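Enquirer: Below is a structure I'd like to ask you about.
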Amino acid sequence: TQLLEQSPQFLSIQEGENLTVYCNSSSVFSSLQWYRQEPGEGPVLLVTVVTGGEVKKLKRLTFQFGDARKDSSLHITAAQPGDTGLYLCAGARWAAGNKLTFGGGTRVLVKP
Amino acid sequence: NAGVTQTPKFQVLKTGQSMTLQCAQDMNHNSMYWYRQDPGMGLRLIYYSASEGTTDKGEVPNGYNVSRLNKREFSLRLESAAPSQTSVYFCASKPGQGFFSPPNEQFFGPGTRLTVL
Chain A
10 TQLLEQSPQF LSIQEGENLT VYCNSSSVFS SLQWYRQEPG EGPVLLVTVV
60 TGGEVKKLKR LTFQFGDARK DSSLHITAAQ PGDTGLYLCA GARWAAGNKL
110 TFGGGTRVLV KP
Chain B
16 NAGVTQTPKF QVLKTGQSMT LQCAQDMNHN SMYWYRQDPG MGLRLIYYSA
66 SEGTTDKGEV PNGYNVSRLN KREFSLRLES AAPSQTSVYF CASKPGQGFF
116 SPPNEQFFGP GTRLTVL
């Protein structure tokens with residue numbers, strides 16, 4: 010069992026639909042990050058959330074950090090083919106020396 | 016600015032062979048990291064270097080060694096490759112020194128896809 014569980018593992022939707030990706034844990038995190046990774050490339054940071062209940066928006070992407078800082082979600086409104094990729098959440102815990110722990114990833118495919 | 020570069024992009028080894036994966040960054044970052052990525056398991060930390068001259072083990076260090084050659088370069092060596100080391104390897108860097116220095120954003124290279132037969 011991974012410390013950070015992402016769901017679903019795979020999501021295929023049509024262009025224009027909405028989607029939500031979840032990142033859950035039983036541990037508390039000091040901060041949580043979301044990365045997007047495209048085939049053949051390394052992950053690229055989308056956002057960092059640090060406060061329980063925090064909501065951040067990046068154009069059509071909305072990120073939320075749970076009140077207890079144990080979970081997070083990524084919501085994409087009106088998805089576009091350019092949103093296709095692997096979405097990774099990564100959490101830092103003070104107890105683990107603030108090292109990043111990554112979830113298993115959610116592969117998103119947006120079909121035109 | 017090239018960011019984080021990795022060589023080679025692809026490599027096939029036979030069991031027992033050795034090789035070194037190279038990583039360099041031109042952003043004057045202090046911390047550098049090596050991860051491996053396996054399907055469904057996200058990225059797992061192999062080794063890291065919080066600053067020039069220091070290295071420490073991460074979550075999965077067995078079978079690997081590292082060298083922080085200078086501030087720019089951080090190499091990963093497989094002394095005797097095994098099929099279980101078939102993976103995609105990513106190098107990353109961040110500005111601060113160590114995990115507690117903000118910001119916590121890590122910048123990743125494009126990866127090396129390694130197959131061990």
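Protein sequence lines, in the order shown, are assigned to chains A and B. Taking the working numbering, the leading residue of the first sequence gets 10, the next gets one more, and so forth. Taking the working numbering, the leading residue of the second sequence gets 16, the next gets one more, and so forth. Note that CB positions come from ideal geometry on N, CA and C, so glycine has one too. Everything numeric in this text was worked out from a predicted model, so none of it was measured.
#1: Which value, in whole angstroms, describes the spacing of the CA atoms of D92(A) and L67(A)?
#2: According to DSSP, is D92(A) helix, strand or coil?
#3: Can the beta-carbon of V37(A) be found less than 7 Å from the beta-carbon of R78(A)?
#4: Report the neighbours of Q18(A) on chain B: residues whose CB is nearer than 9 Å to its CB, in chain order.
#5: What's the C-alpha gap between M34(B) and F72(A)?
#6: Look at the alpha carbon of G106(A) and the alpha carbon of W49(B), and state the distance between them as a whole number of angstroms.
#7: Sort out for me which residues DSSP pairs N80(B) with in a bridge.
#8: Bridge partners for P107(B) per DSSP, in chain order?
#9: Using the C-alpha atoms, what's the distance from N33(A) back to E141(A)?
#10: Decide if K29(B) is buried, meaning its Cβ has at least 16 other Cβ atoms within 10 Å, or exposed.
#11: May I ask which residues mark the beginning and end of the beta strand (DSSP E) holding L60(B)?
#12: So, is the C-beta of N45(B) closer than 7 Å to a C-beta in chain A?
#13: Rounding to the nearest angstrom, what Cα-Cα distance links N45(B) and N119(B) in this structure?
#14: Please name the residue, chosen from M56(B), K86(B), N77(B), G73(B), that lies closest to V19(B) on a Cα-to-Cα basis.
Expert: Inspection of the coordinates gives the following:
#1: 12 Å
#2: helix
#3: yes
#4: G55
#5: 40 Å
#6: 16 Å
#7: R92(B)
#8: In the sequence as displayed, the identity of residue 107(B) is Ala instead of Pro. For A107(B), which the question treats as bridged, DSSP gives the partners Y48(B), F123(B).
#9: Since the displayed chain A opens at 10 and closes at 121, residue 141(A) lies outside it and no answer follows.
#10: exposed
#11: 58 to 64
#12: no
#13: 12 Å
#14: K86(B)
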